[in-house]
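**Q**
Residue numbers (my numbering): 86 to 237.
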């Protein structure tokens with residue numbers, strides 16, 4: 086399955102911040118939206134970085150709690166690994182696993198169009214496994230009547 090297809094089942098509103106956003110405001114937004122990262126976009130709406138809950142946790146520990154004057158730009162990850170709409174979901178999963186990351190922004194024509202998380206990958210894998218199981222059960226029961234690729 087392509088990332089483009091995976092993103093069709095997700096809400097289309099992207100939750101982003103600008104580099105000048107205070108860390109307190111970013112944390113508040115992440116807690117409010119129950120998300121683990123924020124994409125950081127510049128004035129030109131181009132991806133500047135990503136801020137994860139891990140980045141925040143490390144900063145809180147490193148500063149011994151004295152982080153309130155910091156801005157997102159001070160701690161965000163700037164070397165962002167991104168994907169494309171035409172990438173296979175399995176390739177995105179592999180990149181996440183190899184790089185120990187949980188989110189990959191999806192960029193099309195230099196604009197951020199989505200975000201794939203480990204949760205999205207897990208949901209996809211569970212659905213695929215359920216379809217495979219249903220197909221196999223129908224095959225064993227002799228009730229298989231159509232191509233299973235229509236289910237994917």
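In this text, a Cβ means the ideal position worked out from N, Cα and C, and glycines have one as well.
1) Contact between the segment 96-103 and the segment 214-222 is defined here as three or more beta-carbon pairs at a separation below 8 Å; is this criterion met?
2) In chain order, what residues of the same chain have a beta carbon less than 6 Å from the beta carbon of residue 160, not counting five sequence neighbours either side?
3) Looking only at C-alpha atoms, which of 94, 124, 148 sits nearest to residue 192?
4) Which residue comes first and which comes last in the beta strand (DSSP E) that contains residue 189?
5) Would DSSP call residue 107 helix, strand or coil?
6) Within the segment 91-157, note down every full beta strand (DSSP E) run reaching 3 residues or more, in order along the chain.
7) Between the segment 148-159 and the segment 177-193, can you find at least three pairs of beta-carbon atoms closer than 8 Å?
8) In terms of residues, what are the limits of the alpha helix (DSSP H) holding residue 207?
9) Using the Cα positions of residue 189 and residue 88, report the straight-line distance between them to the nearest angstrom.
10) Hey, could you find the ends of the alpha helix (DSSP H) residue 175 is sitting in?
11) By DSSP's criteria, residue 197 is part of a beta bridge. Which residues make up the other side?
12) Can you tell me which residues form a DSSP beta bridge with residue 170?
13) Give every residue of the same chain whose Cβ lies closer than 6 Å to the Cβ of residue 52, excluding the five residues on either side of it in the sequence, and list them in chain order.
**A** A quick look at the data gives this:
1) no
2) For the purposes of this step, residue 160 is taken as the residue at position 75 of the chain shown. So the qualifying residues of the chain are 140, 144.
3) Position 107 of the chain shown, counted from the first residue, corresponds to residue 192. Checked all of 94, 124, 148; the closest Cα to residue 192 is 124.
4) Residue mapping note: residue 189 aligns to position 104 of the chain shown, counting from 1. Unbroken beta strand (DSSP E) run through residue 189: 188-193.
5) By 1-based counting over the chain shown, the position of residue 107 is 22. Here residue 107 sits in strand by DSSP.
6) 122-126, 132-137
7) no
8) By one-based count along the chain shown, residue 207 stands at place 122. Where residue 207 is concerned, the enclosing alpha helix (DSSP H) stretches over 203-226.
9) In the chain shown, the residue the question calls residue 189 occupies position 104. In the chain shown, the residue the question calls residue 88 occupies position 3. C-alpha separation (whole angstroms): 11 Å.
10) The sequence position of residue 175 within the chain shown is 90, counting from 1. Run containing residue 175: 174-184, per the alpha helix (DSSP H) assignment.
11) Locating residue 197 in the chain shown gives position 112, counting from the first residue. Residue 197 is bridged to 192.
12) Along the chain shown, one-based indexing puts residue 170 at 85. DSSP, once it has assigned bridges, lists no residue as partnering residue 170.
13) With the chain covering only 86 through 237, there is no way to say anything about residue 52.
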